[in-house]
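Student:
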Amino acid sequence: MTAMISAMVEAWSELRIHKTRVLLALIGVALSVAVLTTVVGVGNLAREGIRVDSERNGGREATLTVSVQTGQANAESPDSERTKQILDATIGRYGFSHASQLLRTQARFQFPSGVQNVELQVVDPPYGTIHRVDVSEGAWFAADDAARLAPAVVVNEAFYSAAGRPNLVTEPQVSVLGSSPATAVIIGVMPNAYPQAMPQAFMLTEAAAAVGVGGDVTGMGQELRVWVPTEMAQQLVDVLTADLTQQLPGAYVGVYRSDYAAYGDPFAMVQIMVSGIAALILLLGAVGLLNISMVTVRYRVREIGIRRSFGATSGRIFTGVMMESVVGTTVAGAVGVMLAVAIVKNPFVESKVAPGLDVYPAFPVEAALLGLGAAVLVGALAGAIPALVAIRVKVIDAIRF
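Here the working numbering runs 3 ahead of the position in the sequence shown, where the first position is 1.
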């Protein structure tokens, strides 16, 4: 330990002596590390934003979608109520902790401008967890919202604007015109999925049944969304397909993974590109430092020869010369990492790279460690060649030099 510390102290002293020669090289290393760390950090941030966006559409990894549709025209398909009972029983039998039925339909709501048909999705409370539902105002459904006398609805911004943007605390009411018309209560507002989105609403299964909406099934028919462990996903696909096909004769039952990772990691290519850019940046920094180190050693031939004449071993000369580069690049790497953190965690950068996130993740520790480790590696590689040149210096030749 004493030898290591003394080598580092000696290296730092040599850096201070030759600071004019190495300063520009270390600035280049610091910038290279900053760019490398920033690229990795921004890449992770973008990946997180894309992943969250994908989970809002297809569900978390791994989400199974069970789709029940009308089968052959001549076959007797089960009605929606019996299908719902079978799906409820399936959830209980398999012990799914995060499962939600999904039924897409239309409902008529009374707006200040008149009655309007609105896309309505009838769901259960776990749907919000499975699909990372982001509520900008109010809240998503709670388990006890099904017991409300006035049905609760969660709407998007387009619906909220069409309803006159009522105060969610004092006047959250909106009329829903089903077979049993009722006054619904808006408990949450979601951002629009895209700028020109049409009004959309979510309602719990029990509330939709009480109001008398959801009888006309559109789109994909009745669905069940289940969040399951990734390692069990394929097994559950096979088991649920066989089980529900037997229970629902005459209906088409499809079970498949709908999450973003169903067919492998979609971000692998992006990660490879980011890694390639980072490696190129690191290589450029290493070459610049190597050139400066070689020039520095050539100017220090006399000094090295004198040290050898006083008994300095080849190992000590090698360690001293290489540690100069390692210590310098470590300091430069730390500065570069701090600069990268300041860039990546800038609110403007975060909002542009991952606009879909409501809570931004912390700066990835692996990116900081990669930047610092890369700086140390560059210093070791850029110092090893000049160190090998230094130990080959002969004492008599060095003194003559």
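Don't be surprised by glycine CBs; every beta carbon is placed ideally from N, CA and C.
For my contact list, L207 and R111 are in at a C-beta cut-off of 8 Å; report their separation, rounded to the angstrom.
Tutor: Their Cβ separation, rounded to whole angstroms, is 18 Å, which puts L207 and R111 out of contact at 8 Å.
Student: I'd like to confirm the pairing. Which residues does DSSP put opposite F205 in its beta bridges?
Tutor: The partner list for F205 (beta bridge, DSSP) reads Q124, V157.
Student: Tell whether a beta-carbon distance below 9 Å holds between Y130 and F205.
Tutor: Cβ distance < 9 Å, so Y130 and F205 count as in contact.
Student: Around the Cβ of L372, are there at least 16 other Cβ atoms within 10 angstroms (buried) or fewer (exposed)?
Tutor: Counting Cβ neighbours within 10 Å, L372 comes out exposed, since fewer than 16 surround it.
Student: I want to know whether the region 342 to 350 touches the region 37 to 50 - three or more CB-CB distances under 8 Å.
Tutor: With a cut-off of 8 Å, the region 37 to 50 and the region 342 to 350 count as touching, because enough Cβ pairs lie within range.
Student: According to DSSP, what are the bridge partners of M193?
Tutor: DSSP output for M193 lists N159 as bridge partner(s).
Student: Can you round the beta-carbon distance between A210 and A149 to whole angstroms, since I take them to be within the 8 Å contact cut?
Tutor: Yes, A210 and A149 are in contact; Cβ-Cβ is about 7 Å, under 8 Å.
Student: For T322, which of A102, M193, A393 has the nearest alpha-carbon?
Tutor: The shortest Cα separation from T322 among A102, M193, A393 belongs to A393.
Student: Taking only the alpha-carbon atoms, compute the straight-line gap between V69 and V362 and give it to the nearest angstrom.
Tutor: Looking at the two C-alpha atoms, the distance is approximately 31 Å.
Student: Between A166 and V177, which are expected to be in contact by the criterion C-beta below 8 Å, what is the C-beta distance as a whole number of angstroms?
Tutor: Their Cβ separation, rounded to whole angstroms, is 5 Å, which keeps A166 and V177 in contact under 8 Å.
Student: Quick check: what's the CA-CA separation for S83 versus V242?
Tutor: Answer to the nearest angstrom: the Cα atoms are 22 Å apart.
Student: Apart from the five residues on each side of it in sequence, which residues of its chain come closer than 8 Å, Cβ to Cβ, to G62?
Tutor: So the qualifying residues of the chain are T68, I133, H134, R228, W230, S261, D262.
Student: Taking the alpha-carbon of G382 as reference, which of Q203, N294, M201 has the nearest alpha-carbon?
Tutor: Of the listed residues, the one whose Cα sits closest to G382 is N294.
Student: Taking the continuous alpha helix (DSSP H) assigned at G95, which residues delimit it?
Tutor: Start and end: 83 to 97.
Student: What do you reckon, are the CB atoms on Q203 and E140 nearer than 9 Å?
Tutor: It is not a contact, given that the beta carbons lie outside the stated cut-off.
Student: DSSP three-state label for S103, please.
Tutor: DSSP places S103 in strand when its eight states are reduced to three.
Student: Starting from E226, follow its DSSP beta bridges and name the residues at the other end.
Tutor: Beta-bridge pairing links E226 to S70, L105.
Student: Given that a residue counts as buried once 16 or more other Cβ atoms are within 10 Å of its Cβ, and exposed if not, what is P389?
Tutor: By the 10 Å Cβ count, P389 comes out buried.
Student: Less than 8 Å between C-beta atoms, sequence neighbours within five positions excluded: which residues of the same chain meet that for E160?
Tutor: Same-chain partners within the cutoff: S139, V192, M193, P194, N195, A200.
Student: When you compare only the Cα positions, how much space is there between P154 and L39?
Tutor: Going from the Cα of P154 to the Cα of L39 covers about 53 Å.
Student: Within 10 angstroms of the Cβ of T316, are there 16 or more other Cβ atoms? Answer buried if so, exposed if not.
Tutor: It is exposed - the Cβ of T316 has fewer than 16 other Cβ atoms within 10 Å.
Student: Identify, in the order they occur along the chain, each residue of the same chain with its Cβ nearer than 7 Å to the Cβ of L287, setting aside the five sequence neighbours on each side.
Tutor: Counting only Cβ-Cβ distances below 7 Å, and skipping sequence neighbours, we find S35.
Student: Taking its Cβ as the centre, do 16 or more other Cβ atoms sit within 10 Å of M272, making it buried, or is it exposed?
Tutor: Answer is exposed; the Cβ neighbour count stays below 16.
Student: Threshold first: 4 residues or longer. Then list the alpha helix (DSSP H) segments lying entirely within the region 342 to 381, N to C.
Tutor: Within the region 342 to 381, the complete alpha helix (DSSP H) runs of at least 4 residues are 350 to 356.
Student: Excluding five sequence neighbours on each side, which residues of the same chain lie with their C-beta closer than 7 Å to the C-beta of A428?
Tutor: No information on residue 428 is available, as it lies outside the stretch 4 to 404 that the chain covers here.
Student: Hey, quick one: how far does the beta strand (DSSP E) through Y255 stretch, first residue to last?
Tutor: It spans 254 to 260 - the beta strand (DSSP E) in which Y255 sits, taken as one unbroken run.
Student: Terminal residues of the continuous beta strand (DSSP E) containing V179?
Tutor: First-last of the beta strand (DSSP E) with V179: 176 to 179.
Student: Please report the distance separating the alpha-carbon of A145 from that of L360.
Tutor: The alpha-carbon atoms of A145 and L360 are separated by roughly 23 Å.
Student: Taking all protein chains shown into account, do 16 or more other C-beta atoms lie within 10 angstroms of the C-beta of F313, making it buried, or fewer, making it exposed?
Tutor: So F313 counts as exposed.
Student: Do V32 and A378 have their CB atoms nearer than 9 Å?
Tutor: Closer than 9 Å, so yes.
Student: Using the C-alpha atoms, what's the distance from P184 back to A264?
Tutor: Whole-angstrom Cα-Cα distance: 42 Å.
Student: Which residue's Cα is closest to the Cα of L391: G331, P169, G215, V324?
Tutor: Of the listed residues, the one whose Cα sits closest to L391 is V324.
Student: Give the single residue among E353, A254, Y197 whose Cα lies nearest to the Cα of T86.
Tutor: Of the candidates E353, A254, Y197, the one whose C-alpha sits nearest the C-alpha of T86 is A254.
Student: Assuming contact is defined by CB atoms lying nearer than 9 Å, are V125 and L106 in contact in what I supplied?
Tutor: It is a contact, given that the beta carbons lie within the stated cut-off.
Student: Would you give the residue range spanned by the alpha helix (DSSP H) that V242 belongs to?
Tutor: V242 -> alpha helix (DSSP H) spans 236 to 250.
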